[in-house]
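So in the UniProt record's numbering, spot 86 of the sequence shown is number 86, and the numbers just go up one at a time.
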Amino acid sequence: MNLSGIHQTIRDILGSSKHNGILSVLVQLISFVLLFNVTAAASGAVPAAVFTFGDSLVDTGNNNYVVTIAKSNFPPYGRDFPGGKPTGRFSNGRLFPDFIGTKYDLPSVSSFYVMF
């Protein structure tokens, strides 16, 4: 314990077997991601698609195809897109999946609701 007797020190945290397991998994995950990126870059492989599952960091929503009064197809939404045109997404610009898709020349996908 440190001087306050309440908070654990880094040595205490890393000394516990529970945190050693978490640290081990984290190191393995980072190693896998780095190895995958190096291997993909060396082989010239290009992904066929990008699938994202998550929260507002990767999915800002798009309700242009839903009957509602809450729309986002007006400024300032979309101001950071090329041309500054609102797209119906609750975002002022592109997100991580957009940048990844641009890097690999993947086509932009329409809203999920367009498929139905």
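Glycine included, C-beta positions come from ideal geometry on N, C-alpha and C. The model shown is predicted, which means the values in this text are computed figures rather than measured ones.
Is the CB-CB distance between residue i and residue j below 8 Å?
| i | j | result |
| --- | --- | --- |
| V58 | L35 | no |
| N92 | Y104 | no |
Alpha carbon to alpha carbon, how far is residue j from residue i? Give it in angstroms, no decimals.
| i | j | result |
| --- | --- | --- |
| I100 | F74 | 25 Å |
| residue 121 | F90 | The question about residue 121 has no answer here: the residues shown for the chain are numbered 1 through 116. |
| D98 | T87 | 13 Å |
| S111 | G84 | Low confidence applies here, because S111 scores a pLDDT of 49, under 50, leaving its location unreliable; read the following figure in that light. For S111 and G84, the distance between alpha carbons rounds to 19 Å. |
| T52 | S108 | 13 Å |
| V114 | D55 | Note that V114 scores 46 on pLDDT, short of 50, meaning its location in the model is unreliable and no value can be drawn from it. |
| L106 | A49 | 7 Å |
Buried or exposed: which applies to residue i, given that a residue is buried once 16 or more other Cβ atoms fall within 10 Å of its Cβ?
| i | result |
| --- | --- |
| S43 | exposed |
| N37 | exposed |
Worksheet item: Which full runs of the beta strand (DSSP E) of 3+ residues lie inside the region 37-116, going along the chain?
Response: Within the region 37-116, no complete beta strand (DSSP E) run reaches 3 residues.
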